[in-house]
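Okay, so the sequence shown: first residue is -15 according to the numbering used here, each after it adds one. First the structure, in the form of structure tokens, and then the observations on it.
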Amino acid sequence: MSEQDRIPGKDSLGGDEGRGFWYRLRSGLGKTRGQLAAGVGNLLLGEKEIDDGVLEDLESSLLQTDVGMDATQEIMQALTSRVKRRELNDTMALHGSLATLLKDMLRPLEKTFSVAGKKPAVVFFVGVNGVGKTTTIGKLAKHLQDSGARVLLAAGDTFRAAAVEQLQRWGERNEVPVIAQPQGSDSASVVYDAVQSAKARNFDVVLADTAGRLQTNTNLMDELKKIKRVVNRLDPEAPHEVLLVLDAGVGQNALSQVKQFDEAVGVTGLVITKLDGTAKAGVIFAIARQISKPVYFIGVGESLEDLNPFNPDSFVDALLAID
Ligand SMILES: Nc1nc2c(ncn2[C@@H]2O[C@H](COP(=O)(O)OP(=O)(O)OP(=O)(O)O)[C@@H](O)[C@H]2O)c(=O)[nH]1
Ligand SMILES: [Mg+2]
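Here it is, written out as structure tokens:
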């Protein structure tokens, strides 16, 4: 068996690119994997009998990585009943069964992000401050461009100092045009201009940045609604996607962010960033349990290649990989 053959999920990720991402995903999830392994190391070290201690260790490890009470209980109940029915005889079997359960739990989050058939597809990026909206746009612009799409960026964050320049730098790096106005301009007007320009110049997709805002700030949430209303005038179906960017380190506050942004502008999907910076990447299971929105992309680092489509199989394999 070649090394490539051993890489889980390589078919869905594809070739060398998939292999590179597998290593980045695996290393990106290292902190969470370390946290899990600290408690369940005995699961991974060969065949041992399953006793109550093993199950208790597993339960507290899951909770420590922010899997959350509900999802953890669901997992533990399923495993315990299999152990009682003597379907799992040793810790290696338990490890395999855990992997299957976790993958099944994440399966509903998987959905392919597509901008095909809308010209231009208008995609808003929203979220609280500093979660990675602008960086995600920069990475995704490259990804879409590589797949043949003509991409235009809208510098809709007219609030934060240097936000426009930050997006322009990504534009230059990817050779993607950026529609911008000076800091302090009306955000809705920038996004409107960008969509109009994309229509006139036959672009396939507009990625619109917006300023970070707390989900509890009513005025700023109203501003987002306004951007949506204004763009609606150009295309009643726009925005076609509203991506809420979540920092994986946020813990249970993710649920409130999804709820409030969804109420304001109708979130169509999630991007979960900074999975590499936290030992609590288990939050994705809490999200799966409580939120019915697809996770289109995950971010496991700051470089261009560190954004990838979310794939439950490779995610869980990376999380449970034996170091
Ligand atoms: N480690 C890591 N860092 C990331 C990731 N995504 C973004 N970042 C970093 O997070 C920081 C904030 O990213 P931005 O893209 O500016 O975040 P933002 O949501 O646009 O921030 P505001 O516009 O200020 O609300 C930057 O230093 C990024 O490099 C990720 O997946 N992993
Ligand atoms: Mg930004």
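Idealized CB from N, CA, C, for every residue including glycine.
Residue i, DSSP secondary structure in three states
i	result
N113	coil
V251	coil
E221	coil
E207	helix
D260	helix
D74	coil
V310	Nothing about residue 310 can be reported from this structure: the residues present for the chain run from -15 to 307 only.
D231	strand
V99	coil
E94	strand
A164	coil
F245	helix
A195	coil
Inter-residue spacing [alpha-carbon to alpha-carbon] between residue i and residue j
i	j	result
G196	T64	43 Å
M89	F269	7 Å
D35	G285	38 Å
V189	D219	13 Å
N113	R66	44 Å
K212	A248	10 Å
E159	L191	14 Å
F108	L39	43 Å
N292	K15	19 Å
S98	I306	34 Å
Y176	V214	7 Å
L93	A272	6 Å
E58	D260	26 Å
F187	V106	10 Å
Given residue i as reference, the closest of the options once Cα atoms are compared
i	options	result
I275	Q236, E289 and D301	Q236
A62	L86, M76 and T49	L86
E33	L78, L230 and L259	L78
R185	L228, L136 and D231	L136
A133	Y280, P296 and P161	P161
Continuous alpha helix (DSSP H) stretch holding residue i: start and end
i	result
P296	P296 to L304
A270	V267 to Q274
L151	A147 to N158
L136	Not the alpha helix (DSSP H): L136 falls in the beta strand (DSSP E), residues V135 to A138.
D177	S171 to A184
V67	M53 to K68
Unbroken beta strand (DSSP E) run spanning residue i, endpoints
i	result
G283	V279 to G283
N292	L291 to P293
A192	V189 to A192
Does the region 114 to 130 come into contact with the region 139 to 151, if we say contact requires no fewer than three beta-carbon pairs (one atom in each stretch) closer than 8 Å? Touching, yes.
Validate contact between the region 253 to 265 and the region 70 to 77 using beta carbons, cut 8 Å, 3 pairs: By the C-beta criterion, the region 253 to 265 is judged not to be in contact with the region 70 to 77, since fewer than 3 inter-stretch pairs fall below 8 Å.
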